[in-house]
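Asks: Take a look at the following structure, please.
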Amino acid sequence: MSKLGLRLPRITFWRVILVAILAAGLYTTFLRFTKGLGATTNLSAQFPWGIWIGFDVLCGVALAAGGFTISAVVYIFHIEKYRPIVRPAILTAFLGYSLVVVGLMFDLGRPYNIWHPLIMWNPHSVMFEVGWCVTLYTTVLMLEFSPLVLEKLPWQRPYKIVKSITIPLVILGVLLSTMHQSSLGTLYLIVPHKLHPLWYSPLLPVFFFTSAIALGCAMTIFESYLSLRAFRKHLDFHLLTKLGGVAAVTLSVYFAIRITDMQSRGVLSMAFGPTYEGRMFLAEMLLGVIAPVIMLFIPRIRNNQFGLFMAALMVVLGFVMNRINVAITGLDRSSGVHYFPSWTELAVTGSIVAAGFVMFGLAVKYLNVFPPEDMKDIAQGKRAELPALVAFKQPLWSATTLALVMTMIFMLASVALSYDGIRRRPVHTPLPEGSGTVDVSKGLANLKMPGDLAIKMGKTSPGLCMFSHARHVDKKNPNCNTCHSGLFRMLPTTPDITADRKMRNCGQCHDGVKAVGILQKDRCDSCHARKAS
Amino acid sequence: MDTQTVTKKALLFDSTLCIGCGACYDGCKERNKLPKSSANFLRDNLSADTFTVVNRRNNRYVRRMCMHCNEPTCVSVCPVGALVKSPEGPVSYEASKCMGCRYCVQACPFSVPQYEWDDPITPRVRKCDLCRDRIAAGLATACATVCPTGATKFGNRDELIAEAESRIRNNPGRYVNHVYGVAEVGGTSVLLLSDVPFETLGYKTDLLEQPLPHLTWNVLHKLPTVVSIGGVLMSGIWWITKRREDVKKAELEANSPEREANSPKKGTE
Numbered sequence: 000m001s002k003l004g005l006r007l008p009r010i011t012f013w014r015v016i017l018v019a020i021l022a023a024g025l026y027t028t029f030l031r032f033t034k035g036l037g038a039t040t041n042l043s044a045q046f047p048w049g050i051w052i053g054f055d056v057l058c059g060v061a062l063a064a065g066g067f068t069i070s071a072v073v074y075i076f077h078i079e080k081y082r083p084i085v086r087p088a089i090l091t092a093f094l095g096y097s098l099v100v101v102g103l104m105f106d107l108g109r110p111y112n113i114w115h116p117l118i119m120w121n122p123h124s125v126m127f128e129v130g131w132c133v134t135l136y137t138t139v140l141m142l143e144f145s146p147l148v149l150e151k152l153p154w155q156r157p158y159k160i161v162k163s164i165t166i167p168l169v170i171l172g173v174l175l176s177t178m179h180q181s182s183l184g185t186l187y188l189i190v191p192h193k194l195h196p197l198w199y200s201p202l203l204p205v206f207f208f209t210s211a212i213a214l215g216c217a218m219t220i221f222e223s224y225l226s227l228r229a230f231r232k233h234l235d236f237h238l239l240t241k242l243g244g245v246a247a248v249t250l251s252v253y254f255a256i257r258i259t260d261m262q263s264r265g266v267l268s269m270a271f272g273p274t275y276e277g278r279m280f281l282a283e284m285l286l287g288v289i290a291p292v293i294m295l296f297i298p299r300i301r302n303n304q305f306g307l308f309m310a311a312l313m314v315v316l317g318f319v320m321n322r323i324n325v326a327i328t329g330l331d332r333s334s335g336v337h338y339f340p341s342w343t344e345l346a347v348t349g350s351i352v353a354a355g356f357v358m359f360g361l362a363v364k365y366l367n368v369f370p371p372e373d374m375k376d377i378a379q380g381k382r383a384e385l386p387a388l389v390a391f392k393q394p395l396w397s398a399t400t401l402a403l404v405m406t407m408i409f410m411l412a413s414v415a416l417s418y419d420g421i422r423r424r425p426v427h428t429p430l431p432e433g434s435g436t437v438d439v440s441k442g443l444a445n446l447k448m449p450g451d452l453a454i455k456m457g458k459t460s461p462g463l464c465m466f467s468h469a470r471h472v473d474k475k476n477p478n479c480n481t482c483h484s485g486l487f488r489m490l491p492t493t494p495d496i497t498a499d500r501k502m503r504n505c506g507q508c509h510d511g512v513k514a515v516g517i518l519q520k521d522r523c524d525s526c527h528a529r530k531a532s
Numbered sequence: 000m001d002t003q004t005v006t007k008k009a010l011l012f013d014s015t016l017c018i019g020c021g022a023c024y025d026g027c028k029e030r031n032k033l034p035k036s037s038a039n040f041l042r043d044n045l046s047a048d049t050f051t052v053v054n055r056r057n058n059r060y061v062r063r064m065c066m067h068c069n070e071p072t073c074v075s076v077c078p079v080g081a082l083v084k085s086p087e088g089p090v091s092y093e094a095s096k097c098m099g100c101r102y103c104v105q106a107c108p109f110s111v112p113q114y115e116w117d118d119p120i121t122p123r124v125r126k127c128d129l130c131r132d133r134i135a136a137g138l139a140t141a142c143a144t145v146c147p148t149g150a151t152k153f154g155n156r157d158e159l160i161a162e163a164e165s166r167i168r169n170n171p172g173r174y175v176n177h178v179y180g181v182a183e184v185g186g187t188s189v190l191l192l193s194d195v196p197f198e199t200l201g202y203k204t205d206l207l208e209q210p211l212p213h214l215t216w217n218v219l220h221k222l223p224t225v226v227s228i229g230g231v232l233m234s235g236i237w238w239i240t241k242r243r244e245d246v247k248k249a250e251l252e253a254n255s256p257e258r259e260a261n262s263p264k265k266g267t268e
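As structure tokens, this is what we get:
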């Protein structure tokens with residue numbers, strides 16, 4: 000009970016934030032489905048994919064990387080010591096994918112058609128593959144995750160059935176996830192003229208896949224830490240250290256391929272140019288790749304729970320930055336507009352992330368996500384004797400943690416702020432219209448206007464009215480827009496104009512001021528029953 | 000080349016002949032029953048209500064509209080096949096299939112497709128469809144029909160290319176020596192002639208000559224191979240590692256059956 004009392008104030012603070020975020024998300028949901036994407040987002044035809052794709056989908060899918068990496072290691076390679084991490088990793092993956100699906104419900108213009116790729120095939124489309132991967136892998140993850148729920152139920156049969164197909168499920172899951180991680184990169188292969196060369200590469204699928212594996216490891220470390228803080232449940236620390244090592248090696252490989260690729264495409268120097276893209280690229284690489292790799296390669300930092308957590312956090316943030324850079328920063332210049340998400344877009348993203356945290360918390364609380372023996376130990380206070388754990392409980396440490404996290408956020412924010420400076424940068428001014436007059440002599444020489452048109456006579460008509468284009472058009476500066484297509488049709492099916500009983504259309508100009516009027520006092524025979532010339 | 004039996008239609012736009020009268024703009028609006036979208040048509044942009052525009056660029060009038068690529072990027076990226084390329088040339092859109100992912104909007108190298116951002120439930124992708132029904136009925140497109148100077152001309156694609164080339168040949172010095180749309184991203188059904196560089200008219204000149212769908216297909220067509228090899232490989236690894244473990248366990252049991260109880264090899268889960 001004392002444990003509960005200790006925890007209550009902080010939880011309450013977070014609860015207030017949580018409720019605020021969810022309320023904003025709820026309001027946006029209402030707005031999205033009553034007023035449309037235009038009212039909810041800053042998206043436009045120039046910038047059709049925003050933060051919901053850049054963060055919710057690209058990063059949400061990557062959360063699953065931990066799931067496929069760990070389950071492959073344990074089930075396929077039989078490296079048993081990682082088994083305790085399988086469940087949290089699968090849970091994260093499942094939540095990630097559920098959140099992607101929720102995010103898509105907001106982003107898709109016609110979300111009720113989300114199942115269409117299953118029956119309307121276009122194998123040439125990367126999006127088609129993505130659609131299939133989302134569907135299949137969500138199903139696989141649901142099955143992989145289901146034992147956690149099924150084992151709590153009184154009936155053993157479904158549990159046994161799912162258990163018996165674990166291996167095929169894992170193999171399918173690894174394949175689907177590999178395909179999916181890389182295909183999100185493949186999505187952007189189709190925009191070679193739009194995506195900035197710092198991010199566009201034929202190897203995008205490879206980059207997306209490799210970085211996702213590193214993220215999977217980092218995310219498992221990160222979650223393990225959060226679970227420890229919130230629920231006093233955690234994983235064997237040595238496993239996490241090893242995982243940190245794996246992340247470091249993967250990231251190094253990723254870094255090496257990326258730099259080599261940029262070198263071979265001759266765009267490496269762009270990174271150091273005084274451009275917005277260059278700065279964002281450097282920030283992504285330094286904060287999200289180089290710094291955490293160095294930290295993880297130093298045993299003293301890697302073996303310190305706090306150091307490990309910070310490194311993992313940096314990997315996660317760096318990863319998010321990479322995806323945002325591909326989806327938003329890299330497309331900014333070519334689009335000609337400056338997309339920045341509206342607060343309503345951020346509210347949806349925030350709500351989705353918050354819901355993810357809540358669901359993770361609930362799962363840890365009510366399901367056997369972490370190994371039962373660990374929990375028992377902690378309940379008995381055995382694990383609490385670990386020095387690292389004691390350190391975590393001291394308020395000094397949590398204050399430092401908070402400070403460092405804030406520093407990180409500020410560093411990233413300051414980079415993001417440079418965006419503001421960039422928004423004022425003079426790029427993509429609309430093409431000049433030119434200052435002089437357009438020489439239209441060649442066109443005018445070819446000008447052919449339709450011949451005279453008879454307007455159908457009504458019963459009260461004082462005489463036939465012929466319309467002559469030649470008399471109505473300014474030959475020096477023809478503007479068809481004056482009368483077409485608002486007043487008169489342009490693509491007539493009959494050679495004459497339908498009767499205009501009250502001469503309303505003609506009257507738009509023939510009002511006695513701009514041109515001869517149409518009232519009785521005016522001369523009807525100016526137009527009627529007079530041969531047009 | 001299965002489309003050989005059908006003649007591919009196209010539009011030839013000659014910017015030197017355009018007088019900026021807006022007939023094509025209004026003809027298009029009328030044919031597609033689109034509402035008025037701007038007080039001054041010369042300053043209008045492509046939008047969900049505007050499928051073609053006439054803008055002033057570099058002291059010329061120039062049209063902008065869907066280019067109707069020979070191998071359209073939008074058609075290739077659409078996951079549900081809502082965008083279709085007809086053998087006659089038009090690229091058209093079927094709203095009932097669309098799920099609204101807007102990949103077509105993102106991928107189009109000419110940034111043509113527009114979206115109904117303010118429709119909350121049934122937004123459509125909007126763009127020129129080269130008057131598909133008129134072409135099917137043997138008519139020219141609305142814009143070409145109403146053009147009073149012949150700046151926009153409708154015809155068979157190969158004939159229009161030949162005509163464009165002969166215009167360049169027969170009027171030395173009048174045109175930039177390039178027919179835009181013959182080779183760009185694999186060729187388009189809208190061809191352009193100009194007397195000033197195309198980039199000053201707002202047309203990208205750095206486009207690849209390779210159709211963009213090839214970029215993704217290069218990766219996608221490898222998938223079945225990757226999946227089958229990966230599946231076999233992983234099953235194999237699983238079998239080998241499992242067997243190794245079984246053997247180890249069996250050896251352990253054979254060597255020290257009495258100590259087995261004290262050293263359980265592994266946990267339950």
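Residue numbers (numbering that gives the first Met the number 0), protein chains in the order written: chain A, 0 to 532; chain B, 0 to 268.
Ideal placement from N, C-alpha and C gives every residue a C-beta, glycine not left out.
This one's a predicted model, so the numbers in the text were calculated from it and none came from an experiment.
Report, in whole angstroms, the separation of the C-beta atoms of T72(B) and V125(A), which I expect to be a contact under 8 Å.
Replies: As a position in the second sequence, residue 72(B) is number 73, starting the count at 1. As a position in the first sequence, residue 125(A) is number 126, starting the count at 1. T72(B) to V125(A), Cβ: 11 Å. No contact.
Asks: With a threshold of 16 other CB atoms inside 10 Å of the CB of N324(A), please say whether the residue is buried or exposed.
Replies: Along the first sequence, read from residue 1 onward, the residue named residue 324(A) stands at position 325. Classification for N324(A): buried.
Asks: Can you find a C-beta in chain A that's less than 8 Å from the C-beta of S234(B)?
Replies: Taking the second sequence and counting its residues from 1, one reaches residue 234(B) at position 235. Cβ-Cβ to chain A under 8 Å: yes for S234(B).
Asks: Quick one: using the 10 Å Cβ neighbour count with 16 as the cut-off for buried, is K209(B) buried or exposed?
Replies: Taking the second sequence and counting its residues from 1, the one referred to as residue 209(B) is at position 210. The residue you asked about is not Lys; residue 209(B) is Gln in the sequence shown. Flag for Q209(B) reads exposed.
Asks: Among V5(B), I236(B), S85(B) and G180(B), which one has its Cα closest to the Cα of D132(B)?
Replies: As a working mapping, residue 132(B) is identified with position 133 in the second sequence. The shortest C-alpha separation from D132(B) is found at S85(B).
Asks: Put K535(A) into one of helix, strand or coil per three-state DSSP.
Replies: No answer is possible for residue 535(A): it lies beyond the span of chain A, which begins at 0 and ends at 532.
Asks: Just to confirm, is the Cβ distance from I270(B) to K221(B) under 8 Å?
Replies: Because chain B spans 0 through 268 in this model, residue 270(B) falls outside it and cannot be assessed.
Asks: Just confirm the distance between the C-beta atoms of L214(A) and A61(A), as a whole number of angstroms; I'd bet it's less than 8 Å.
Replies: Locating residue 214(A) in the first sequence gives position 215, counting from the first residue. Locating residue 61(A) in the first sequence gives position 62, counting from the first residue. Yes, they are in contact, since the Cβ atoms of L214(A) and A61(A) sit about 5 Å apart, within 8 Å.
Asks: Please classify H77(A): does DSSP put it in a helix, a strand, or coil?
Replies: As a position in the first sequence, residue 77(A) is number 78, starting the count at 1. Note: H77(A) maps to coil in three-state DSSP.
Asks: With a cut-off of 8 Å, do at least 3 Cβ pairs link the region 144–158 of chain B to the region 67–74 of chain A?
Replies: Output reads no: the region 67–74 of chain A does not touch the region 144–158 of chain B.
Asks: Given a cut-off of 8 Å, decide if H123(A) and P108(B) are closer than it, judged by their beta-carbon atoms.
Replies: Taking the second sequence and counting its residues from 1, one reaches residue 108(B) at position 109. Taking the first sequence and counting its residues from 1, one reaches residue 123(A) at position 124. In this structure, H123(A) does not lie closer than 8 Å to P108(B) by Cβ.
Asks: Compute the distance between the beta-carbons of I351(A) and G53(A), then report whether it is under 8 Å.
Replies: Residue 351(A) sits at position 352 when you count from the first residue of the first sequence. Residue 53(A) sits at position 54 when you count from the first residue of the first sequence. Their beta carbons are not under 8 Å apart, which means I351(A) does not touch G53(A) by this criterion.
Asks: From T436(A) to E198(B), what does the alpha carbon distance come to, in whole angstroms?
Replies: Here residue 436(A) is taken as the residue at index 437 of the first sequence, counted from 1. Here residue 198(B) is taken as the residue at index 199 of the second sequence, counted from 1. Answer to the nearest angstrom: the Cα atoms are 20 Å apart.
Asks: Let's see if you can read the secondary structure: which residues bound the beta strand (DSSP E) around N155(B)?
Replies: In the second sequence, residue 155(B) corresponds to position 156, counting from 1. Looking at the DSSP string, the run of the beta strand (DSSP E) that includes N155(B) is T151 to N155.
Asks: Just the chain B side, please: which residues come within less than 9 Å of F38(A) by C-beta, in chain order?
Replies: Numbered from 1 along the first sequence, position 39 holds the residue referred to as residue 38(A). Inspection of the sequence shows that residue 38(A) is occupied by Ala rather than by Phe. By Cβ distance, chain B contributes W116, D117 and P119.
Asks: What whole-angstrom Cβ distance do P273(A) and I50(A) have, given they're in contact under 8 Å?
Replies: Taking the first residue of the first sequence as position 1, residue 273(A) is located at position 274. Taking the first residue of the first sequence as position 1, residue 50(A) is located at position 51. With 8 Å as the limit, P273(A) and I50(A) do not qualify as a contact, their Cβ atoms being about 26 Å apart.
Asks: Going by DSSP, what residues sit across from A9(B) in a beta bridge?
Replies: Within the second sequence, residue 9(B) is the residue found at index 10, counting from 1. Looking at the DSSP assignment, A9(B) forms a beta bridge with G154(B).
Asks: Would a C-beta distance cut-off of 8 Å place G26(B) and L41(B) closer than the cut-off?
Replies: Stepping through the second sequence from its first residue, residue 26(B) is reached at position 27. Stepping through the second sequence from its first residue, residue 41(B) is reached at position 42. Taking 8 Å as the Cβ cut-off, G26(B) and L41(B) do not qualify as a contacting pair.
Asks: What are the residues in the region 46–70 of chain B lying within 7 Å of chain A by C-beta distance?
Replies: So the list reads R55, R56, N57, N58, R59 and Y60, given in the order they occur along the chain.
Asks: Can you give the Cα-Cα distance for G317(A) and M279(A), rounded to whole angstroms?
Replies: Translated into the one-based positions of the first sequence, residue 317(A) becomes position 318. Translated into the one-based positions of the first sequence, residue 279(A) becomes position 280. Distance between the alpha carbons of G317(A) and M279(A) is about 11 Å.
Asks: Are the region 81–98 of chain B and the region 221–238 of chain B in contact at 8 Å, needing three or more beta carbon pairs?
Replies: At 8 Å Cβ cutoff, the stretches do not touch.
Asks: Nearest by alpha-carbon distance to S46(B): which of R30(B), N57(B), C65(B) and R56(B) is it?
Replies: Walking along the second sequence from the start, residue 46(B) turns up at place 47. That would be C65(B), whose Cα lies nearest to the Cα of S46(B).
Asks: Report all residues from its chain with a CB closer than 7 Å to the CB of E283(A); omit the five preceding and five following residues, and keep chain order.
Replies: Locating residue 283(A) in the first sequence gives position 284, where the first residue counts as 1. G317, M320, N321 and N324.
Asks: Is any beta-carbon of chain A found at less than 8 Å from that of V189(B)?
Replies: One-based indexing of the second sequence puts residue 189(B) at position 190. V189(B) does not count as touching chain A.
Asks: If you measure beta-carbon to beta-carbon, which residues of the region 18–42 of chain B are closer than 8 Å to chain A?
Replies: Under the 8 Å Cβ criterion, the region 18–42 of chain B contributes I18, G19, C20, G21, A22, Y24, D25, G26, K28, E29, R30, K35 and F40.
Asks: Tell me whether the region 171–186 of chain A and the region 238–253 of chain A touch, counting them as touching only if at least three CB pairs, one residue from each stretch, are closer than 8 Å.
Replies: Short answer: they don't touch.
Asks: Of the residues that make up the region 189–203 of chain A, which ones have a beta carbon closer than 7 Å to any beta carbon in chain B?
Replies: Listed by position along the chain: I189, V190, P191 and H192.
Asks: Classify S223(A) as buried or exposed, calling it buried when 16 or more other Cβ atoms lie within 10 Å of its own Cβ.
Replies: In the first sequence, counting from the first residue as 1, residue 223(A) sits at position 224. Buried, by the Cβ-count rule.
Asks: Which two residues bound the contiguous beta strand (DSSP E) that contains S91(B)?
Replies: Walking along the second sequence from the start, residue 91(B) turns up at place 92. Counting along the chain, the beta strand (DSSP E) containing S91(B) begins and ends at V90 to Y92.
Asks: With the cut-off set at 8 Å, would you say A311(A) and F221(A) are in Cβ contact?
Replies: Here residue 311(A) corresponds to residue number 312 of the first sequence, with the count starting at 1. Here residue 221(A) corresponds to residue number 222 of the first sequence, with the count starting at 1. In this structure, F221(A) lies closer than 8 Å to A311(A) by Cβ.
Asks: Name the two residues that bound the continuous alpha helix (DSSP H) containing Y60(B).
Replies: Working through the second sequence from its first residue, we reach residue 60(B) at position 61. First-last for Y60(B): R59 to R63, but that is the beta strand (DSSP E), not the alpha helix (DSSP H).
Asks: What did DSSP end up calling I454(A) once you bin it into helix, strand or coil?
Replies: Residue 454(A) sits at position 455 when you count from the first residue of the first sequence. Strand at I454(A).
Asks: May I ask you to report which of helix, strand or coil DSSP gives A383(A)?
Replies: What you label residue 383(A) is simply residue 384 of the first sequence in a count that begins at 1. Unreliable positioning characterises A383(A) in this predicted model, as indicated by a pLDDT of 42, which lies under 50. The coordinate reading is nonetheless provided below. In the structure shown, A383(A) sits in a helix (DSSP, three-state: H, G or I).
Asks: Quick one: Cα of F271(A) to Cα of D205(B), how far?
Replies: Translated into positions along the first sequence, residue 271(A) becomes position 272. Translated into positions along the second sequence, residue 205(B) becomes position 206. Near 24 Å, if we compare the C-alpha coordinates of D205(B) and F271(A).
Asks: Can you find the residues in the same chain that come closer than 6 Å, C-beta to C-beta, to H468(A), ignoring five residues on each side of it along the sequence?
Replies: One-based indexing of the first sequence puts residue 468(A) at position 469. Contacts found: M448 and P449.
Asks: Tell me whether the beta-carbon of V190(A) lies closer than 8 Å to the beta-carbon of L250(A).
Replies: The residue given as residue 190(A) occupies position 191 in the first sequence. The residue given as residue 250(A) occupies position 251 in the first sequence. Taking 8 Å as the Cβ cut-off, V190(A) and L250(A) do not qualify as a contacting pair.
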